Amino acid sequence: MRHLSGYRIVWLMVLFDLPVMTPEERRAANGFRNYLLDEGFQMAQFSVYLRCTPSKEAASAYVRRIESAVPSDGKVDILQFTDRQYENIICFREGARCRTTKTSATAPFLTGFVSVSAKKMAQKAFP
Numbered sequence: 005m006r007h008l009s010g011y012r013i014v015w016l017m018v019l020f021d022l023p024v025m026t027p028e029e030r031r032a033a034n035g036f037r038n039y040l041l042d043e044g045f046q047m048a049q050f051s052v053y054l055r056c057t058p059s060k061e062a063a064s065a066y067v068r069r070i071e072s073a074v075p076s077d078g079k080v081d082i083l084q085f086t087d088r089q090y091e092n093i094i095c096f097r098e099g100a101r102c103r104t105t106k107t108s109a110t111a112p113f114l115t116g117f118v119s120v121s122a123k124k125m126a127q128k129a130f131p
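Under my numbering, the first residue of the sequence shown carries the number 5, and numbering increases by one thereafter.
Have a look at this one:
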């Protein structure tokens with residue numbers, strides 16, 4: 005098992021705003037959401053999905069695949085950031101600031117969302 009550095013692990017955050025006024029638009033939006041889930045992304049909010057990747061190269065491969073699945077209408081943005089940058093997240097739940105740790109490797113992914121740490125998630129997905 006190779007060492008997983010917080011500076012090497014890259015998170016992808018896909019944010020989208022897709023039209024859903026017609027049945028065809030709803031089908032395209034749901035298809036895109038399902039595509040992200042099939043690619044291993046987890047929903048953080050309704051139109052915000054996250055995935056941990058072991059490297060910048062792996063993240064780039066996901067970006068290329070997502071690009072091929074983007075619906076023709078609407079807006080899709082992809083943010084890339086390292087695990088070290090992610091550990092500085094500030095969370096609020098039910099109006100109160102969440103307690104966070106300084107070490108992302110021990111902080112749960114999306115505090116209160118999934119109880120798997122970023123490094124454990126990466127180790128499991130990329131042995």
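Cβ coordinates follow ideal geometry from the N, Cα and C atoms, glycine included. Every value quoted in this text rests on a predicted model; they were computed, and no experiment measured them.
Three-state class that DSSP yields for residue i in the structure shown
{"i": "L22", "result": "coil"}
{"i": "D42", "result": "helix"}
{"i": "R12", "result": "coil"}
{"i": "R103", "result": "coil"}
{"i": "S108", "result": "Annotation note: pLDDT 45 at S108 (below 50); position unreliable, no value reported."}
Identified DSSP bridge partners for residue i
{"i": "D81", "result": "L19"}
Residue span of the alpha helix (DSSP H) that contains residue i, given as start and end
{"i": "V52", "result": "Run containing V52: none in the alpha helix (DSSP H); it sits in the beta strand (DSSP E), 52–57."}
{"i": "I93", "result": "Counting along the chain, I93 falls outside any alpha helix (DSSP H), and DSSP gives it neither H nor E."}
{"i": "S72", "result": "60–73"}
Contacts around residue i, its chain only, beta-carbon distance under 6 Å, and the 5 residues preceding and following it disregarded
{"i": "T107", "result": "Low local confidence applies: a pLDDT of 43 at T107 is under 50, so the model's placement there is unreliable, with the coordinate-based value given in what follows. The answer is none, since no qualifying residue turns up."}
{"i": "L83", "result": "M17"}
{"i": "L19", "result": "V52, D81"}
{"i": "G44", "result": "R55"}
Neighbourhood of residue i by C-beta distance below 8 Å, restricted to the same chain and skipping five residues each side
{"i": "L22", "result": "E29, A32, A33, F36, S51, P75, D77, G78, K79, V80"}
Beta-carbon gap between residue i and residue j smaller than 7 Å
{"i": "A62", "j": "Y39", "result": "no"}
{"i": "A48", "j": "L54", "result": "yes"}
{"i": "S59", "j": "R12", "result": "yes"}
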